[in-house]
Amino acid sequence: MVQKNQKLPTIRGEGSVTPLYMAAFSCHRDMVDYLFELSGFEMWDVNDQIELLTTSIANGLYDLATRILQQNNMLAWVQDRDHETPLRVLARDPSHFCGTSDTMQLGLSWRTIARALAPVLPRNMRLPIQLFPPADDDESCDAYALFAYLWELTASRHQQNDIETGQANAIEAFGNANANLLFTAAESANDEFLVELIRRYPDFLYKVNESKHSIFHIAVLHRHVHCFNLIYEVHGVRDLILSYIDTDGNNILHLAGRLAPQNQLNQIPGAALQMQREVMWFKEVEKLVKPSDRIRKNDQGQTPYDVLHSEHRGLRKDGEKMMKQTAKACMLVSMLIATVVFTTAFTVPGGYNNTGSPSLQNNRFFNVFPTSEAVATLSSLTSVLMFLSILISRYAEDDFLDSLPFWMVIGVAALFVSVAAMIVAFCTCLIFYQHGLASTALILFFFAIVPVMFVALKYLFWLPYYVVPMIAGRCFVQTIGCCPSLLWFISYK
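Heads up: the sequence shown at position 230 corresponds to 229 in numbering that gives the first Met the number 0, and the numbers run straight through without jumps.
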């Protein structure tokens, strides 16, 4: 078609967009490479050029973005119609700096953070850098290269302007001009971008936005674990940053007491688990601040604990309702099992012979029945006690962190054991009675185990949300030497 009409690549469509722009918007790489040489890009005005540049970055066409910048490097600091610069487009989306798989994302993230912060870490904390090989992801590498290129162009432009204007505080002016990138990355949980920015300009650690929030205050507000974990690597200035007070008189613990954004809460199943995560955040931040900050009042006269209680009143009630409903349902099943197995616990299969001994005592499966009955009885009674503890709990904020999850885990596990033991006792009885049932005992046992597998698979999804926080203590990794897989699991995206 182009051979027949060479003007086709320059003909604009609906909205005055070019074929090259549509190819970049649709992420058709081969078509982009073909049209770029035919579209007469150098003849476009600046508005069309910057739109194509930001669109190519947003869609992961980093090679095209680099070629555009090579033809017009002034586009590095030009804003598009949405008032977005190329660097801001990179800062807004964390996916630019990681691969598609979770393992690749984790390895790349930890290698980048560890590499960037290695100069300020003790030597014994640098070993985990070797735990992850470099990510074999060309797109991710292209994103880093594009970031470096854009940063170099932007820095060169500011340096040239400072020389021409003779500005005294050139470094501070440069940091203030690019601070919006920092806060955009923090709000978007783009920890890779944050690390790259701080590595190139360490003073970004002290920058605050119009609300007097640092990147760590923003991370707490938006519940971004990866971004907040950087606080553990800046020991020298951590106390200073955490002492910042915002325009409403809130310290960082007040912000931790606020209710998380709904999109973060939706990542956790159930109000009770959401409440647990909120308390975990509050407790972790509480460990970092000074004792005086824990009782400091904001402009509304509220302490951090007051904010936590008032902001989470609705979520706490929903969590209480969820826990009670679950406990009541499970407790009913446990009591039913306890009633059934208790009445049959003293029944001997096959009865007694003339001497008063069990008729089937020589059967190799004889001891299985009373053992399974005893296990089922004790497990069901244990689960009843655990669920009863949940029902009579006071349901304070701290209860959602440890006691309620502990009782729920023990109760569900005991209920599962009692169901499994009851099924074993049932199948053992089938083996005892030889009237045509022994030959089909294995088949019956297979079908009987299906309910157990159903329960196991159902609660296998829920159990880690209860168990892992109790084992780990918190959902935060305080040093690079901690297990990174735990961080990935609990921060679950």
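Using N, Cα and C, we set each Cβ at its ideal position, and we do this for glycine too.
Secondary structure at residue 305: helix, using DSSP grouped into helix, strand and coil.
With respect to the 7 Å criterion, residue 52 and residue 67 are classified as neighbours on the basis of their beta carbons.
A direct Cα-to-Cα measurement between residue 79 and residue 244 gives close to 34 Å. If you draw a straight line from the Cα of residue 388 to the Cα of residue 235, it is about 45 Å long. Taken through DSSP and simplified to helix, strand or coil, residue 324 comes out as helix. In the DSSP assignment, residue 262 falls within the unbroken alpha helix (DSSP H) covering 261-264.
Three or more Cβ pairs closer than 8 Å define a contact, and the region 307-326 meets that threshold against the region 378-395. Residue 219 sits away from residue 197, with the two beta carbons spaced by 7 Å or more. The beta carbons of residue 222 and residue 259 sit closer together than 7 Å. Using a 10 angstroms sphere on the CB of residue 452, the tally of other CB atoms stays under 16, which defines it as exposed. Residue 150 carries a helical assignment under DSSP once its states are collapsed to helix, strand and coil.
It is roughly 26 Å from the alpha-carbon of residue 61 to the alpha-carbon of residue 203. Counting only residues of its own chain and dropping the five nearest sequence neighbours on each side, residue 383 has a CB closer than 7 Å to the CB of 330, 333, 334 and 337.
Going by DSSP, residue 369 is part of the alpha helix (DSSP H) stretching over 367-390. Counting only the Cα atoms, residue 190 lies some 22 Å from residue 285. Under the three-state reduction of DSSP, residue 416 is assigned to helix.
Contact check for residue 302 against residue 341 fails: the beta carbons are separated by 7 Å or more. Residue environment: residue 82 is assigned as exposed (fewer than 16 neighbouring CB atoms within 10 Å of its CB, all protein chains considered). Between residue 298 and residue 247, the gap from beta carbon to beta carbon is short of 7 Å.
For the pair residue 214 and residue 264, the CB atoms are not nearer than the 7 Å cut-off. Rounded to whole angstroms, residue 186 and residue 209 show a C-alpha spacing of 14 Å. Counting only the Cα atoms, residue 275 lies some 5 Å from residue 400. Counting the other CB atoms within 10 Å of its CB gives residue 261 a total below 16, which places it among the exposed residues.
Around the beta carbon of residue 292, 16 or more other beta carbons lie within 10 angstroms, which makes this residue buried.
Shown here for residue 227: same chain residues with a beta carbon closer than 8 Å to its own, the five before and five after excluded, namely 215, 218, 219 and 475 in chain order.
Counted as a single uninterrupted DSSP element, the stretch harbouring residue 201 is not any alpha helix (DSSP H), since DSSP gives it neither H nor E. Rounded to whole angstroms, residue 195 and residue 404 show a C-alpha spacing of 39 Å. Comparing alpha-carbon positions, the option among 141, 366, 249 and 410 lying closest to residue 94 turns out to be 141. Residue 209: not part of any alpha helix (DSSP H); DSSP gives it neither H nor E.
Here DSSP, grouped into helix, strand and coil, assigns residue 231 to helix.
Relative to residue 425, the option among 371, 415 and 409 whose CA is nearest is 371.
Exposure of residue 312 is indicated by the presence of fewer than 16 other C-beta atoms within 10 angstroms of its C-beta.
The Cβ-Cβ distance between residue 24 and residue 90 does not fall below 7 Å. For residue 211, the closest alpha carbon among the candidates 50, 300, 240 and 328 is that of 240. Of the candidates 410, 282, 287 and 281, 287 places its Cα closest to the Cα of residue 232.
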